[in-house]
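Q: Pasting in a structure now, in structure tokens, and then I'll have a few things to ask.
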Amino acid sequence: MTGGQQYDAVAVEAAALVIRRYSTSFGLAARLLSPPVRRDVRSIYALVRIADEIVDGAASDAGLDDASTTRTLDDLEADTERAIAIGYSANLVVHAFALTARRAGIDASLTRPFFASMRADITDVEHTPESFDAYVYGSAEVVGLMCLRVFLAGERRSAAQTARLEEGARRLGAAFQKVNFLRDLAADFAGLGRSYFPGISVDAFSEADKTRLLDDIDADLAASAATIDGLPASSRRAVVLAHDLFAELSRRIRSTPASELVTTRVRVPNPVKMRIAVNAARGVRPR
7 MTGGQQYDAV AVEAAALVIR RYSTSFGLAA RLLSPPVRRD VRSIYALVRI ADEIVDGAAS
67 DAGLDDASTT RTLDDLEADT ERAIAIGYSA NLVVHAFALT ARRAGIDASL TRPFFASMRA
127 DITDVEHTPE SFDAYVYGSA EVVGLMCLRV FLAGERRSAA QTARLEEGAR RLGAAFQKVN
187 FLRDLAADFA GLGRSYFPGI SVDAFSEADK TRLLDDIDAD LAASAATIDG LPASSRRAVV
247 LAHDLFAELS RRIRSTPASE LVTTRVRVPN PVKMRIAVNA ARGVRPR
């Protein structure tokens, strides 16, 4: 093994460690991916996690103000683009992402909207309908599109088939993001001073608000489920599992009174996650 090959391997291991420590649900779904696809998807989500920690976690805990946080995020974006161009970064997570990006054809058309949405988290506390749509696209839909490029690497699809899968990837990413916003409604407002959903007040959150938001989320989930059969076998079961985990979370939120959602974080119990995972591994279709 050359020095470069060893560095690549260590970078991939570092990305996998980030995901293993930060996300149990994602880690569960990733196990159903074929090994090469799993490696690349983990590398995508590791970069996403590092960026999220800059705007919402470790950076603020370290005492960075908004200006310093913005500079740090800008540096990460610049490093990411440079690494994609040259195939190397001194940051192991960025290096792993660049390897994936170069294999799968992920470029600035996807990374720039992502970093723009992360940057919005530093300064924006309320969204308009337009800024909300742009935020969800950059923070979630493009991540789905990045994963789709990994799934389809080396595959032959017509332009129409690819467009259909891209729509499904975007809708699934949007559903994931919006259901997380709804689950974390109170924590985001109280802890971060942030309200994602336009026109939604935590203090006056109603059953009608909850139903409207969940109907939108469930429409995204249904639209994405209709496209999963078009994915390669190497990724299909993992996407079914991810879809069904969030569909289960949506159902549990729907059965929780609106008054409780502003004080309680709804979750899917681990035994239920495992049951859903077994069904997905057996090839059971999305629910």
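So the sequence shown is residues 7 to 293, counted in the working numbering. Just so you know, even glycine gets a beta-carbon here, dropped at the ideal spot from N, CA and C.
1. Between R271 and K184, what straight-line distance do the alpha-carbon atoms span, to the nearest angstrom?
2. Report the three-state DSSP secondary structure of E132 (helix, strand or coil).
3. From S212 to V278, what does the alpha carbon distance come to, in whole angstroms?
4. Is the distance from the Cβ of A91 to the Cβ of A21 below 8 Å?
5. Report yes if the CB atom of V43 is closer than 8 Å to the CB atom of I128, and no otherwise.
6. Identify which residue in I206, E172 and A248 has its Cα closest to the Cα of F187.
7. Report yes or no: do the segment 17–31 and the segment 229–244 share at least 3 C-beta pairs separated by less than 8 Å?
8. If contacts are defined as beta-carbon pairs under 8 Å, then T106 and I50 qualify, I think. What distance do you get, rounded to the angstrom?
9. Enumerate in chain order the residues of its own chain whose CB-to-CB distance from A181 is below 7 Å, with the five nearest sequence positions on each side excluded.
10. In chain order, what are the residue ranges of uninterrupted beta strand (DSSP E) at least 3 long that sit wholly in the segment 41–99?
11. In whole angstroms, what separates the C-alpha of D156 from that of Y143?
12. Classify T319 as buried or exposed, calling it buried when 16 or more other Cβ atoms lie within 10 Å of its own Cβ.
13. What three-state label does DSSP hand S115 in the structure shown?
14. Is it the case that the Cβ atoms of V246 and I234 are separated by a distance below 8 Å?
15. Taking the straight line between their C-alpha atoms, what separation do you get for G10 and E254?
16. If you drop the 5 nearest sequence neighbours on each side, which residues of the same chain put their C-beta closer than 7 Å to that of V274?
17. Can you name the residues that DSSP bridges to S137?
18. Note the first and the last residue of the continuous alpha helix (DSSP H) segment covering D215.
19. For V99, does the count of other Cβ atoms within 10 angstroms reach 16, so buried, or fall short, so exposed?
20. Output the boundary residues of the alpha helix (DSSP H) element that contains L188.
21. Can you grab the Cα-Cα spacing for the pair N276 / K216, in whole Å?
22. Buried or exposed for E266, please, with buried defined as at least 16 other CB atoms from any protein chain shown within 10 angstroms of its CB.
A: This is what the structure gives:
1. 14 Å
2. strand
3. 28 Å
4. no
5. no
6. I206
7. no
8. 6 Å
9. I223, D226, L227, S230 and F252
10. none
11. For the record, residue 156 in the displayed sequence is Val; it is not Asp. Straight-line Cα distance between these residues: approximately 18 Å.
12. With the chain covering 7 to 293 only, the question about residue 319 has no answer from this structure.
13. helix
14. yes
15. 43 Å
16. L251, E254, L255 and R258
17. In the DSSP output, where bridge partners are listed per residue, S137 has none listed.
18. E213 to A231
19. buried
20. A165 to R189
21. 25 Å
22. exposed
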